[in-house]
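Working notes for the structure below.
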Amino acid sequence: MDGNGRWAVKRGLPRLMGHKRGANRVKDIVKASTELGVDTLTLYAFSTENWKRAAHEVEGLMKLFRGYLQNNFIELNAKNIRVKFLGDPTPLAADLREQMEKLEDLTKDNTLITLNIAINYGGRDDLVRATRKVAAKVQDGSLAVEDITEQMISDHLDTAFQADPDLIIRTAGELRMSNFMTWQSAYSELAFVEKSWPEFTPEVYAEVIADYRARTRQFGAIIPKGVTGAE
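Numbered according to my numbering, the sequence shown spans residues 250 to 480.
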C-alpha cells in the first residue's frame, strides 16, 4: 500500500488525503481478490518503522485506521471475510486493540477470503517475537533445542498456519521489500508496479495476477522444458 503520501503531494494535497484515498482503494482490491480467486490478501498498512514519521501524520493514520474498522466492522463479516491482524499490537491505543480483537473474533469462521491487515508490523520484529516464544519453551523444558525446525518457527509467526505468500506486489515503483514478511517471502514471486496505491485499480491488479500466473515457479528445482504456469 505504498505511495499514498507521494500521490497527494504530487497533486498539491496534504499527505493525509493520500492515505484517505488509499483507504478507499482497499474495498476495491478486496472485492477484486475474491473475483480473481485469491484466498489470502495481506495489506501492509503500517510498519514498525512508520512511527518515525511526523507525529501529526501518525495520529492521522491511526484515526483513519480506527474509522476504517468502525465503518466496515459489520460489512466485513456480512461478506464472509475473515480478518486477521499481523504485527505487535502493544503500542496501539487500548480502544483500537479492542476493536481489532472483536473483529478477529467475529470473523474467525468466515471462509470467502482471509484479509490480513499488517499494522505495527515488521518482518524482523515478527521473527524476534517468534524466536522469543520458541526460546521460552526451551527455557521451561517443554522443547529441546534439537527439535526446533523451520515449521516450528513458521508456526510461531504472526502468519501461523497460513501458507507463505505466493506473490508480493510493491506499488509506487519501489524496488525493495521494506521489512515485509522476511521469513515467509523466501520463495515468493515479486511484482513491482509503478503506480501508487491510490492508482492501483482492480484492472491493474488483474494484469499483475495474470502475469504471475504465467510464470514458472521452481522453488530451487529444475523444471523440465514445457512445464509452465504458477501453482
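Note that the Cβ used here is the ideal one computed from N, Cα and C, for glycine as well.
Scanning its chain for C-beta atoms nearer than 7 Å, with the 5 sequence neighbours on each side dropped, one finds around Ala-379 the residues Ile-402, His-405 and Leu-406, in chain order. Following the DSSP letters along the chain, one finds Asn-320 inside the alpha helix (DSSP H) bounded by residues 304 to 327. Judged by their CB atoms, Pro-447 and Gly-271 are nearer to each other than the 8 Å cut-off. In the structure shown, Val-332 falls within a strand segment according to DSSP collapsed to helix, strand and coil. Note that the region 355 to 373 touches the region 326 to 340; at least 3 beta-carbon pairs, one per stretch, sit closer than 8 Å. In this structure, the alpha-carbon of Asn-326 lies about 11 Å from that of Leu-364. A straight-line Cα-Cα distance of about 19 Å links Asp-460 and Thr-291.
Within a 10 Å sphere around the beta-carbon of Trp-300 sit fewer than 16 other beta-carbons, which makes this residue exposed. Around the C-beta of Gly-422, fewer than 16 other C-beta atoms lie within 10 Å, and the residue is accordingly described as exposed. In this chain, the beta strand (DSSP E) harbouring Ser-296 covers 289 to 296.
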